[in-house]
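Undergrad: Quick one: this structure, given as structure tokens, is what I'll be asking you about.
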Amino acid sequence: MHNKAPRFYIARRGDILWYKAWGIRAIAIALALLLCGFITMAATGLDPIKVYVTMLDGNFGTSRRFWMLLQNMAILLCVSLALAPAFRMHFWNLGGDGQSLMGALGAAACMICIGDRIPNVLLIIIMIAVSISCGIIWAVIPAYFKARFGTNETLFTLMMNYVATQLVAFFVIIWEVPKGSGKIGIINQSTQAGWFPQIGTNKYLLNIIIVLFITVFIFIYMRYSKHGYELAVVGESEATARYAGIKINRVIIRTMALSGAICGITGLLLVGGTDHTLTTTIVAGRGFTGVMVAWLAKFNPFVMIATTFLLVFLERGSAEITTIFGLNQSFGDIITGIILFFILSSDFFLNYKITKTKTQKEAA
Amino acid sequence: MDAKTPVLGLSHLTKRFGKVVANEDVCLDVYEGEILALLGENGSGKTTLMNMISGIYFPDEGEIYFKGEPVVIASPKDAFSLGIGMIHQHFKLVDILSATENIILGMEEKPDLNKSADRIKAICEKYGFDIDPYKKIYEMSVSEKQTVEIVKVLYRGAQLLILDEPTAVLTPQETEKLFEVLRNMKKDGKSVIIITHKLQEVLDISDRVAILRKGRYICDVETASANVQELTDAMVGHSVSLNIERPEPVNPKKRIVVENLTVFDEEGVCKLKDVSFTAKSGEIIGIAGIAGNGQKELLEAIAGLQQVDSGHIYYIGDDKSRQELIGKDPLEIMDLGVSLSFVPEDRLGMGLVANMGLADNMMLRSFRKGNSVFTDRKRPRELAASIVERLEVNTPGIATMVRKLSGGNVQKVLVGREISTAPTVLLTAYAVRGLDINSSYTIYDLINQQKKAGVAVVYVGEDLDVLLELCDRILVLCDGQVSGLLDARETDKREVGYLMTNLRGEAHAQ
């Protein structure tokens, strides 16, 4: 029996040095850009360099574009931060969209129903409380059922998204302006009641600062607090949690309440801070993109800033190339997909290495 | 021996995982019709070496010879076609299939269940196995499952069998049966490599012993001329004392009183029935029994982790105060001021958080201390560092995830944490399971120190020799009931083994 020895084999790495790790990631991105370049040339005949420059331009070209980049990052990061503790607890909260939408609904309801009757400061305080409560309610319902009856949280949170969308659709019809338009339009355009104050002349700065605060808070909460320790233990093993005397049900509900609260804030920032309106698509699927952001960063809030940047940059860049070069919308998605694929697969090379087999002679 | 050609020859095998060298320059021969015992401490590279022979790992350097010819074993399939079969510690069987179906699973011949069953019966008869080819795996005991695994490799025509700690899950009687089968195989000209930590078994069954230490091949000796002390010294690399101390209990006082404890599991199966006993301070009470006869439920009931149907568990304080522990969770028991430490059977699944570092694991039971919303991170780090130093835990650092440590080191971390709280009661379940001899003796020492400090120790064990040497009294469980309470100084292995399989009444009747 004379088998040929395998030419290569795969072996698990020990700890990897940080510069090697970043080197591997850099190579992955470079390879992705190279492949995207070839595909661009083959499929569209465009100069790939020009395409990349346009992508950069779409994000950094003007100061308005740059602020839009930051604003989009802030909102996406906010949802992702909400998901991180739940995911660390191995509670697969796919309801970020619905929870944020409920927060937005709460904020819009306050602006529309009591906007003109009370002072602005009081209104904003009420909006904050209502949005957060709405988000919490939407998150705690599946958490309660999971804790009490062991229901599957993935399906439950997912379904709650649809319920939230329908609720918002219902209220949009009730509050539509003008009647029959099917849209709410800008709320309190004339009085600006419930609009968040601007810092200086920039409309987005306040949102960005708030989200940065939440980032630091979540980092400290997960890393240093007793709550954060408890939810990590519950996520790793329920048997261990029980052994340690941790009340698992309480931790599940508490963590999801936090998750829902931050989602509620996301909705609040969207309605009160930037859009000043309510639509069923206002959250724009960020509850799902946020899942990717959180996982890519392995739930580290500060690394999540980098992963949000990556995703928002790709999204805005692809939108720019589709308009400038008149390409099909899907082309941007293809480029985004390829780059993400390379980045995700670089993880494999961080954990494993491929070694060339020494021939029998060399070994002897 | 010189005249024979080896069935299997390993020449200068080296295997590294990252910076860790699992095997270095190992040379070893296995001859036809011999039983070779492979001996070494945890992490000495026994399993890695066997995995290279059976095609799971590919060596970095070195060559393997089969019947004198150099061969390449790149996959388990290659190993099988050479006639090398490995029986792993964790069985790889499909629960809902029958023994026959499992045995022929994945073979390329056309399946014919009846014909295969006949062949299986023939194999069983030849070597003295006892198995029903049509029985489903989920209906089988651990020992039967192991038999299926062994028949599986024989069915595929294995000439060389590798068994990785086969006796760890067996009762003494089952072990004896397994050894009988192995001797029959040897007579049939087959070669067997057996990995075990139990030195007495090595002396009972093997013809030759090969010793590995730190990934290197140390020596091999004819079993006939070997003794336990020599083997241990060669394995550890220095001389060790093999006597387990048993100090007389000093001033024993009742600590835990269990009365008529009855436990049903979630499916309504009776796990414990009417169990009563007392654990005293300064004493070690051993719990003997075949695995799964209620030991786990008993300890977990005391620790507040098991739903109890009836009975009482009292904690008796120094001032003779009685506190009922049933119906309280671990936190409420802690709040009563009862310092109860528990080393559970499932170390990484219950006692520790596998994906956390040593330091983070230290605060698992104490992180609530203090009013701050933040965890105290300094004390756990100091505790981790002191345990690493005192118990000689082999770890890259205190931030290393515990799942990356070897079995013995994981156990030292767990036991170290549990005794660091100065408990009054210490419950241990299979504290030395899977541990090598050196680590085992470290654990026995730690338990004895606790005993001397006046702790009431409950020691659930599987090695009867150790139970007899270490404990003061032995409670034997059979089928969830107490079948005997023995004075460990007076009784012997036979009596304990008998009570493990026969309830009191039957024992007297015979």
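Chains as they are written, first to last, in the working numbering: chain A, 68 to 431; chain Y, 38 to 547. From the three backbone atoms N, C-alpha and C, an ideal C-beta is built for every residue, glycine too.
Quickly, what does DSSP pair S91 of chain Y with across the bridge? List them, please.
TA: Partner(s): none; S91 of chain Y has no beta bridge.
Undergrad: So Y175 of chain Y packs on I124 of chain Y, CB below 8 Å; how close in whole Å?
TA: Actually they do not touch by this definition, with Cβ atoms about 19 Å apart.
Undergrad: Can you give me the C-alpha to C-alpha distance between D500 of chain Y and V513 of chain Y, rounded to a whole angstrom?
TA: Near 13 Å, if we compare the C-alpha coordinates of V513 of chain Y and D500 of chain Y.
Undergrad: Does the Cβ of D149 of chain Y have 16 or more other Cβ atoms within 10 Å, making it buried, or fewer, making it exposed?
TA: By the 10 Å Cβ count, D149 of chain Y comes out exposed.
Undergrad: Helix, strand or coil: how does DSSP classify I293 of chain Y here?
TA: I293 of chain Y falls in the strand class under three-state DSSP.
Undergrad: So is A171 of chain A in contact with chain Y if we call contact Cβ pairs under 7 Å?
TA: Cβ-Cβ to chain Y under 7 Å: no for A171 of chain A.
Undergrad: So who's on the other strand from T315 of chain Y, going by DSSP bridges?
TA: BP columns for T315 of chain Y point to Y:V294.
Undergrad: Is the stretch 220-232 of chain A in contact with the stretch 327-338 of chain A, if contact means three or more CB pairs nearer than 8 Å?
TA: Too few Cβ pairs lie closer than 8 Å, so no.
Undergrad: Please state the DSSP three-state secondary structure of F75 of chain A.
TA: It is a strand residue.
Undergrad: Looking at the C-beta of K293 of chain A, does it have a partner C-beta in chain Y at a distance below 7 Å?
TA: Answer yes: the Cβ-Cβ gap between K293 of chain A and chain Y drops below 7 Å somewhere.
Undergrad: Answer yes or no: does any C-beta atom of chain Y fall closer than 7 Å to that of R79 of chain A?
TA: Interface residue, yes.
Undergrad: Pair every Cβ in the stretch 301-321 of chain A with every Cβ in the stretch 367-384 of chain A, then say whether three or more of these pairs are closer than 8 Å.
TA: Short answer: they don't touch.
Undergrad: Chain A partners of V390 of chain Y, CB-CB under 8 Å?
TA: Chain A residues near V390 of chain Y: A299, V300, E303, S304, T307.
Undergrad: For the stretch 133-167 of chain Y, list every residue whose C-beta sits within 8 Å of some C-beta in chain D, in sequence order.
TA: As a matter of chain content, chain D is missing from the structure shown, whose protein chains are A and Y.
Undergrad: For the alpha helix (DSSP H) containing A174 of chain A, name the first residue and the last one.
TA: Element bounds for A174 of chain A: 163-180.
Undergrad: Could you check if N489 of chain A is buried or exposed, using at least 16 other CB atoms within 10 Å of its CB as the buried criterion?
TA: There is no way to answer for residue 489 of chain A, as the model of chain A reaches only from 68 to 431.
Undergrad: Could you tell me which residues DSSP puts in a beta bridge with D524 of chain Y?
TA: D524 of chain Y pairs with Y:R510.
Undergrad: For the putative contact between V452 of chain Y and A466 of chain Y, defined by C-beta atoms under 8 Å, what is the C-beta separation to the nearest angstrom?
TA: With a Cβ gap of about 11 Å, V452 of chain Y and A466 of chain Y do not count as contacting.
Undergrad: For P115 of chain A, which of helix, strand or coil comes out of DSSP?
TA: Helix at P115 of chain A.
Undergrad: Look at the alpha carbon of G386 of chain Y and the alpha carbon of T121 of chain A, and state the distance between them as a whole number of angstroms.
TA: When rounded, the distance between both Cα atoms is 52 Å.
Undergrad: According to a CB-to-CB cut-off of less than 9 Å, which residues of the stretch 58-83 of chain Y neighbour chain A?
TA: Cβ contacts with chain A: none found.
Undergrad: I want to see whether chain Y comes within less than 7 Å of Y310 of chain A, judged by CB atoms only; does it?
TA: Cβ-Cβ to chain Y under 7 Å: yes for Y310 of chain A.
Undergrad: Taking three-plus beta-carbon pairs below 8 Å as touching, is the stretch 161-180 of chain A in contact with the stretch 215-226 of chain A?
TA: Cβ pair count under 8 Å is three or more, so yes.
Undergrad: Work out the CA separation of M169 of chain A and I421 of chain A for me, nearest whole Å.
TA: Spanning the two alpha carbons is a distance of roughly 49 Å.
Undergrad: Specify the secondary structure class of M438 of chain Y as computed by DSSP and reduced to three states.
TA: M438 of chain Y: strand per DSSP, three-state reduction.
Undergrad: Please report the residue range of the alpha helix (DSSP H) in which K293 of chain A lies.
TA: 293-303 is the span of the alpha helix (DSSP H), which, as asked, contains K293 of chain A.
Undergrad: Evaluate D509 of chain Y with the Cβ neighbour count: other Cβ atoms within 10 Å of its Cβ, from every protein chain shown; 16 or more gives buried, anything less gives exposed.
TA: When all chains shown are included, D509 of chain Y counts as buried.
Undergrad: With distance defined between alpha-carbon atoms, name the residue in Y:A328, Y:V447, Y:Y94, Y:L249 nearest to T538 of chain Y.
TA: Of the candidates Y:A328, Y:V447, Y:Y94, Y:L249, the one whose C-alpha sits nearest the C-alpha of T538 of chain Y is Y:A328.
Undergrad: Determine which residues share a DSSP beta bridge with P170 of chain Y and list them.
TA: None; P170 of chain Y has no bridge partner.
Undergrad: Since Q360 of chain Y is in the beta strand (DSSP E), which residue starts that stretch and which ends it?
TA: Residues 359-361.
Undergrad: Just the chain A side, please: which residues come within less than 9 Å of M371 of chain Y by C-beta, in chain order?
TA: Neighbours of M371 of chain Y on chain A, chain order: G312.
Undergrad: Here's a check: name, in chain order, each residue in its chain whose Cβ is nearer than 6 Å to the Cβ of G252 of chain Y, leaving out the five neighbours to either side.
TA: Result list for G252 of chain Y: V58, A59, N60, E61, G82, in chain order.
Undergrad: Quick one: list the residues of chain A neighbouring V410 of chain Y, beta-carbon separation under 8 Å, in chain order.
TA: Residues of chain A passing the Cβ test: S292, K293, H294.
Undergrad: Hey, Y102 of chain Y and G194 of chain Y are a contact pair by Cβ (cut 8 Å); roughly how many whole angstroms apart?
TA: Rounded, the Cβ-Cβ distance is 19 Å, inconsistent with contact.
Undergrad: For D270 of chain Y, does the three-state DSSP call read helix, strand or coil?
TA: Helix.
Undergrad: Kindly indicate which three-state DSSP category L342 of chain Y falls into: helix, strand or coil?
TA: Looking at L342 of chain Y - three-state DSSP - the assignment turns out to be coil, as it is neither helix nor strand.
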